[in-house]
Amino acid sequence: MTVRSILNTKGHQIMSVEPDVKLAAAIKLLGEKKIGAVLVMNQSRLEGILSERDIVRVLGERGAGVLEEPVSEVMTRKVVSCKETDTVAELMETMTTGKFRHLPVMENNKVVGLISIGDIVKRRVEEYESEQEALRDYIKTA
176 MTVRSILNTK GHQIMSVEPD VKLAAAIKLL GEKKIGAVLV MNQSRLEGIL
226 SERDIVRVLG ERGAGVLEEP VSEVMTRKVV SCKETDTVAE LMETMTTGKF
276 RHLPVMENNK VVGLISIGDI VKRRVEEYES EQEALRDYIK TA
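In terms of the working numbering, the sequence shown is numbered consecutively and its last residue is 317.
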């Protein structure tokens, strides 16, 4: 299973904000969309990623005043990404090693999607359920 197959199922939609958006507005977007991260993009160029972890960390360090600062001051700048041809096993290794829960999907220096650990778990569960069903059917006919 590849990133492409996950994106083909879940879609290629990307939630993003511009670098000058205030942190409070980005937090509101995360809550409204029930998501854990947004990409920070300047036009179509990826500048960073803002995750729930970034928000909790900066609030703990600097207090509520940071809510009025732009996301560019809070986001993770060194973004690790994946490609559509990467396998789920490769993604799990990257996410586990780097302790990431979200990875932008890049092709030809363009963002084409966003994969979360939840997307991977969902696909793995579906895969296991399908395998179990196939085994049950096989046993019934044996």
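All C-beta atoms, glycine included, are put in the ideal place defined by N, C-alpha and C. Just so we're clear, the structure is a prediction, and the values are computed from it rather than from any experiment.
- With fewer than 16 other beta carbons inside 10 angstroms of its own, ALA264 counts as exposed.
- The secondary-structure analysis by DSSP pairs VAL215 across a beta bridge with VAL192 and GLY223.
- A direct Cα-Cα distance of roughly 45 Å separates ASP195 from SER305.
- The Cβ atoms of VAL246 and VAL286 do not sit closer than 7 Å to each other.
- Look at GLU282 here: in three-state DSSP terms it is strand.
- A distance below 7 Å separates the beta carbons of VAL178 and ASP261.
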